[in-house]
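A.B. asks: Handing you a structure now.
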Amino acid sequence: MARTEELDALLKEERVFRPPSRLVVGANVGPEEYAASLKVADDNPLVYWERAALELAWFKKWDTVLDETHAPFYRWFVGAQCNIVYNALDRHVDTAVKNKLALLWEGEPGDIRKFTYYELYREVNRFANAMRSLGVGKGDKVVIYMPSIPETVVSMLAAAKIGAVHTVVFGGFSAKALRSRIIDAKAKLVITVDGFYRNGRVMNLKTIVDEALIDCSAQCPDTVIVVRRAGIDVEMSEPRDLRYEDLVRQERPEALTEVMDANDPLFLLYSSGATGTPKGIVHSHGGYMVGVNRSLSWVFDIKPTDIFWCTADPGWVTGHSYLVYGPLLTGASIVMYEGHPLYPQADRLWDMVERHGVTTLYATPTLIRMLMRYGSRYPQRHDLHTLRLLGTVGEPISPEVWVWFHKHVGRGECPLLDTWWQTETGMFMIAPLPISLLKPGSVGRPLPGIEADVVDGKGNPVPPGKGGYLVIKKPWPGMLSGLLGDEDAYKDAYWTKIPGMYFAGDVARKDEDGFFWIQGRADDVLNIAGHRLGTAEFESALVAHKFADEAAVIGIPDAVKGEAAKAFIVPAAGWQDVFASREELIVTLKDHVRRELGPVASIKAVELVETLPRTRSGKILRRVLRAQELGQEVGDLSTLEENDPDRPLMPEE
Ligand code: WT7
């Protein structure tokens with residue numbers, strides 16, 4: 042479906058779903074409490090967030106809930122001391138949660154590993170001690186290049202426990218992308234695996250780390266720790282490479298938890314923006330734990346008996362907030378899966394839901410669309426009655442896909458919660474609760490304490506039903522504390538487009554009832570299968586090839602991934618002497634980008650062109666290419682300036 046048709050369908054969507062009464066009666070937050078909280082949060086958001094903070098343990102409480110003196114560098118819970126791992130693990134060991142299932146992991150071949158909270162706590166302590174004995178400590182950066190396996194969770198928690206800052210790099214990124222993150226973060230340690238299983242094959246990650254570390258000489262981390270997962274032979278280079286198993290075996294299962302300032306960094310996550318290379322988004326211990334804990338326990342109504350499955354990879358923010366930290370903060374039981382969702386066949390997910398009694402399934406629209414293609418007979422083969430809540434994130438979900446998931450997986454009885462948030466926000470921002478009225482395709486209303494709005498280029502609210510920029514008007518505790526080492530970039534990317542407001546980069550509409558409908562990115566960022574990739578990254582990878590003189594990349598609709606990348610390339614003179622055909626050149630350029638950026642960044646289509654449309658100042662007019670591609674009106678070209686905040690947002694405006 043073309044993008045405009047999809048938007049029309051979204052706009053005409055009038056179905057509403059009411060929550061089943063048994064859910065409303067049993068919900069953690071009932072309608073009255075919700076209304077009262079909204080009032081408290083509207084009158085005084087700091088009172089609301091302070092109450093949320095009091096639900097967690099602190100070594101020392103704050104002097105100030107929010108310090109705005111250096112805005113937009115907002116600081117939450119100033120003067121407080123804490124550690125998120127104390128809340129995610131340590132404190133549970135003194136309660137009945139100690140012996141509860143913390144993590145149930147299933148490998149692609151079907152092998153299962155289970156950890157109680159106490160077992161996870163002990164493993165984390167062992168690895169924390171091991172890292173300490175290698176000289177890693179407070180403020181040191183630790184790069185985790187790992188698949189979805191328990192040691193990834195252990196590594197994140199162990200790093201945070203000793204005050205180190207973790208940077209998980211998704212396994213789908215190339216050696217080059219990994220290297221630039223290692224160098225930018227000045228990582229002291231890299232943690233990886235020999236290999237892992239994906240779609241019936243063993244993927245080797247250690248060799249990619251080896252490749253990434255060639256030639257980074259003085260900036261190279263001292264140590265690489267290799268976890269054994271696939272059991273394959275890997276080259277161990279001495280004295281740099283160490284085996285995880287050898288290290289933890291020698292360590293004691295008790296470890297001191299570092300006392301952190303609430304604003305000390307917890308993790309860095311690289312994410313793509315409209316320009317340049319991906320930036321390191323920084324989150325801190327205090328505000329992040331408050332935001333994630335509150336948002337998860339309210340939106341997914343976490344109960345002591347829940348089995349919570351978030352299908353995200355730990356390499357993305359969803360994996361951080363709602364696979365690892367959130368569920369552990371709330372004392373829930375986590376399901377984690379290593380492999381491909383269609384392996385060995387299209388009912389793998391449903392089979393796992395049935396076998397493990399999953400109560401809450403949080404997935405992406407891309408995954409749902411992929412499974413939907415195989416029809417409802419796959420979910421029908423399984424008893425899915427344990428499910429009570431469903432969720433989605435990462436990209437707009439069309440009403441058709443929403444209704445399929447709700448009906449065939451959720452039996453028409455499980456509220457489907459579409460949550461809008463970003464790497465930068467750290468936590469859910471706009472999302473329904475299980476007690477909310479749901480409109481398929483809408484992310485509902487902002488959570489209490491979150492002041493979101495849809496505005497024009499000058500920051501004025503637009504009337505209901507009109508498109509505009511999605512902004513957040515007040516700081517929130519889970520927010521990023523900045524971009525690593527780049528104060529100006531932080532201000533420019535988020536706070537200067539519309540002064541005084543956080544600019545999310547999305548286009549949205551708000552309806553008469555105040556429900557938000559997200560339409561996609563307003564900037565040059567693509568959302569491919571829920572993964573954020575800047576057009577600038579593709580383009581710079583392309584022009585690095587000697588047979589691509591100029592390149593422009595746009596997003597085109599894709600039935601499964603939501604969006605795919607299409608490149609317009611001006612080939613270098615003389616290419617015909619080297620390549621037998623246009624196709625041969627195109628395949629070469631596509632392969633080149635895959636090698637440069639990694640399999641996550643594949644280009645679907647390439648068109649060789651003679652020139653690219655540009656502004657007078659030389660900027661590429663991707664808008665023109667997009668309009669031509671989708672057969673839309675090109676619109677007013679008189680300004681010929683991309684990224685002009687006054688330019689029309691919607692094709693019909
Ligand atoms: C971008 C953020 C938040 C975790 C995953 C992505 C898009 C996110 C939704 C949603 C429509 C969504 C936005 C946003 N997005 N959630 N429920 N409906 N679009 O995190 O990589 O930081 O990407 O994902 O465009 O800006 P991210």
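Each residue of the sequence shown is one higher than the last, beginning at 42 in the numbering used here.
For glycine and all other residues, C-beta sits at the position ideal for the given N, C-alpha and C.
Computed from a predicted structure; not experimentally measured.
Under the assumption that residue 106 contacts residue 91 (Cβ atoms under 8 angstroms), give the Cβ distance between them as a whole number of angstroms.
C.D. replies: Here residue 106 refers to the residue found at position 65 of the sequence shown. Here residue 91 refers to the residue found at position 50 of the sequence shown. Indeed they touch by this definition, with Cβ atoms about 5 angstroms apart.
A.B. asks: Between 618, 360, 645, which lies nearest to residue 600 when the distance is taken from Cα to Cα?
C.D. replies: Here residue 600 refers to the residue found at position 559 when the sequence shown is read from its first residue. It is 645 whose Cα lies nearest to the Cα of residue 600.
A.B. asks: From the DSSP secondary-structure annotation, give me the bridge partner or partners of residue 122.
C.D. replies: Along the sequence shown, read from residue 1 onward, the residue named residue 122 stands at position 81. In DSSP, residue 122 forms a bridge with 101, 302.
A.B. asks: Any idea if residue 150 is buried or exposed, counting beta-carbon neighbours within 10 angstroms, 16 or more meaning buried?
C.D. replies: Counting from 1 along the sequence shown, the entry for residue 150 is found at position 109. By the 10 Å Cβ count, residue 150 comes out exposed.
A.B. asks: Counting beta carbon pairs with one atom in the region 500–511 and one in the region 472–487, are three or more of them shorter than 8 angstroms?
C.D. replies: No, they do not touch.
A.B. asks: What is the DSSP secondary structure of residue 529, reduced to helix, strand or coil?
C.D. replies: Residue 529 sits at position 488 when you count from the first residue of the sequence shown. Reduced to three states, the DSSP call for residue 529 is helix.
A.B. asks: Please work out which residues of its chain come closer than 7 angstroms, Cβ to Cβ, to residue 99, disregarding the five sequence neighbours upstream and downstream, and give them in chain order.
C.D. replies: Mapped onto the sequence shown, residue 99 falls at position 58. The answer, listed in chain order, is 121, 122, 123.
A.B. asks: I want to check one thing, is the minimum distance from the CB of residue 536 to the heavy atoms of ligand 1 below 7 angstroms?
C.D. replies: Stepping through the sequence shown from its first residue, residue 536 is reached at position 495. For ligand 1, not one heavy atom lies less than 7 angstroms from the Cβ of residue 536.
A.B. asks: Apart from the five residues on each side of it in sequence, which residues of its chain come closer than 8 angstroms, Cβ to Cβ, to residue 157?
C.D. replies: Looking up residue 157 in the sequence shown gives position 116. Hits under 8 angstroms: 139, 140, 141, 142, 143.
A.B. asks: Give, in chain order, every unbroken run of the alpha helix (DSSP H) that is at least 4 residues long and sits entirely within the region 218–256.
C.D. replies: Correct list: 247–254.
A.B. asks: Give the single residue among 573, 536, 174 whose Cα lies nearest to the Cα of residue 515.
C.D. replies: Taking the first residue of the sequence shown as 1, we reach residue 515 at position 474. It is 536 whose Cα lies nearest to the Cα of residue 515.
A.B. asks: May I ask whether a heavy atom of ligand 1 can be found less than 7 angstroms away from the beta carbon of residue 512?
C.D. replies: For the purposes of this step, residue 512 is identified with residue 471 of the sequence shown, where counting begins at 1. Not under cutoff, so the answer is no.
A.B. asks: By the three-class DSSP mapping on this structure, what secondary structure does residue 692 have?
C.D. replies: Locating residue 692 in the sequence shown gives position 651, where the first residue counts as 1. Only weak support is given to the placement of residue 692: the predicted model assigns it a pLDDT of 35, under 50, and the value that follows is read from those uncertain coordinates. In the structure shown, residue 692 sits in coil (DSSP, three-state: anything other than H, G, I, E or B).
A.B. asks: When the Cα of residue 606 is compared with those of 568, 429, 613, 467, which residue comes out closest?
C.D. replies: What you label residue 606 is simply residue 565 of the sequence shown in a count that begins at 1. It is 568 whose Cα lies nearest to the Cα of residue 606.
A.B. asks: I'd like to know whether the C-beta atoms of residue 481 and residue 435 end up nearer to each other than 8 angstroms.
C.D. replies: The count along the sequence shown starts at 1 and reaches residue 481 at position 440. The count along the sequence shown starts at 1 and reaches residue 435 at position 394. The answer is no: Cβ separation not under 8 angstroms.
A.B. asks: Could you tell me whether any non-hydrogen atom of ligand 1 is closer than 7 angstroms to the CB of residue 606?
C.D. replies: Indexing the sequence shown from 1 puts residue 606 at position 565. Because no heavy atom of ligand 1 lies under 7 angstroms away, the Cβ of residue 606 does not count as near it: no.
A.B. asks: Is the region 222–234 touching the region 259–270, taking contact as three or more C-beta pairs under 8 angstroms?
C.D. replies: Yes: at least three Cβ pairs fall under 8 angstroms.
A.B. asks: Helix, strand or coil: which one does DSSP assign to residue 56?
C.D. replies: As a first step, residue 56 must be located in the sequence shown, where it is residue number 15. Residue state, collapsed to three classes: coil.
A.B. asks: For a quick check, are the C-beta atoms of residue 340 and residue 549 less than 8 angstroms apart?
C.D. replies: Position 299 of the sequence shown, counted from the start, is the residue given in the question as residue 340. Position 508 of the sequence shown, counted from the start, is the residue given in the question as residue 549. Contact flag unset, no.
A.B. asks: Thinking just about the alpha-carbon of each residue, which of 565, 364, 208 is nearest to the one in residue 404?
C.D. replies: In the sequence shown, counting from the first residue as 1, residue 404 sits at position 363. Checked all of 565, 364, 208; the closest Cα to residue 404 is 364.
A.B. asks: Using C-beta distances below 7 angstroms, list every residue in its chain close to residue 413, excluding the 5 sequence neighbours before and after it, in chain order.
C.D. replies: As a working note, residue 413 is residue 372 in the sequence shown. Excluding positions up to five away in sequence, the list reads 442, 445.
A.B. asks: Roughly how many angstroms lie between the CA atoms of residue 674 and residue 668, to the nearest whole one?
C.D. replies: Reading the sequence shown from its first residue, position 633 is the one you call residue 674. Reading the sequence shown from its first residue, position 627 is the one you call residue 668. Each residue's alpha carbon lies about 6 angstroms from the other.
A.B. asks: Could you please give me the residues that DSSP links to residue 456 through a beta bridge?
C.D. replies: Here the question's residue 456 lines up with position 415 in the sequence shown. DSSP, once it has assigned bridges, lists no residue as partnering residue 456.
A.B. asks: Specify the secondary structure class of residue 674 as computed by DSSP and reduced to three states.
C.D. replies: Here residue 674 is taken as the residue at index 633 of the sequence shown, counted from 1. Residue state, collapsed to three classes: coil.
A.B. asks: Taking the CB atoms as reference points, tell me whether residue 79 and residue 320 lie closer together than 8 angstroms.
C.D. replies: Start at 1 with the first residue of the sequence shown, and residue 79 comes out as number 38. Start at 1 with the first residue of the sequence shown, and residue 320 comes out as number 279. Contact: no.
A.B. asks: For residue 55, collect the residues of the same chain with a Cβ closer than 6 angstroms to its Cβ; drop the 5 residues on either side in sequence, then sort them by chain order.
C.D. replies: Translated into the one-based positions of the sequence shown, residue 55 becomes position 14. If we look at residue 55 and ignore the five residues flanking it on each side, it has no Cβ neighbours.
A.B. asks: Under a criterion of Cβ closer than 7 angstroms to any non-hydrogen atom of ligand 1, which residues qualify, in chain order?
C.D. replies: Going by the Cβ distance cut-off, the answer is 312, 357, 358, 359, 433, 434, 435, 436, 437, 438, 459, 460, 461, 462, 463, 464, 465, 484, 545, 546, 547, 559, 561, 562, 568, 571, 572, 573.
A.B. asks: To the nearest angstrom, how far is it from the Cα of residue 159 to the Cα of residue 544?
C.D. replies: Position 118 of the sequence shown, counted from the first residue, corresponds to residue 159. Position 503 of the sequence shown, counted from the first residue, corresponds to residue 544. If you take the alpha carbons of residue 159 and residue 544, they lie about 42 angstroms apart.
A.B. asks: Taking all protein chains shown into account, do 16 or more other C-beta atoms lie within 10 angstroms of the C-beta of residue 86, making it buried, or fewer, making it exposed?
C.D. replies: Against the sequence shown, residue 86 aligns to sequence position 45. Its Cβ being crowded by 16 or more others within 10 Å, residue 86 is buried.
A.B. asks: Determine the DSSP secondary structure at residue 179, reduced to helix, strand or coil.
C.D. replies: Walking along the sequence shown from the start, residue 179 turns up at place 138. Residue 179: coil per DSSP, three-state reduction.
A.B. asks: In angstroms with no decimal places, state the Cα-to-Cα distance between residue 468 and residue 312.
C.D. replies: Translated into the one-based positions of the sequence shown, residue 468 becomes position 427. Translated into the one-based positions of the sequence shown, residue 312 becomes position 271. About 15 angstroms.
A.B. asks: Among the candidates 359, 317, 597, 347, whose CA atom is the shortest distance from the CA of residue 375?
C.D. replies: Here residue 375 corresponds to residue number 334 of the sequence shown, with the count starting at 1. Answer by Cα proximity: 347.
A.B. asks: CB-CB under 6 angstroms to residue 390, same chain, minus the five flanking residues each way: which ones, in chain order?
C.D. replies: Here residue 390 refers to the residue found at position 349 when the sequence shown is read from its first residue. The residues are 382.
A.B. asks: Is the beta carbon of residue 201 sitting closer than 8 angstroms to the one on residue 307?
C.D. replies: The residue you call residue 201 lines up with position 160 of the sequence shown. The residue you call residue 307 lines up with position 266 of the sequence shown. Yes, the pair counts as a contact, with Cβ atoms nearer than the cut-off.
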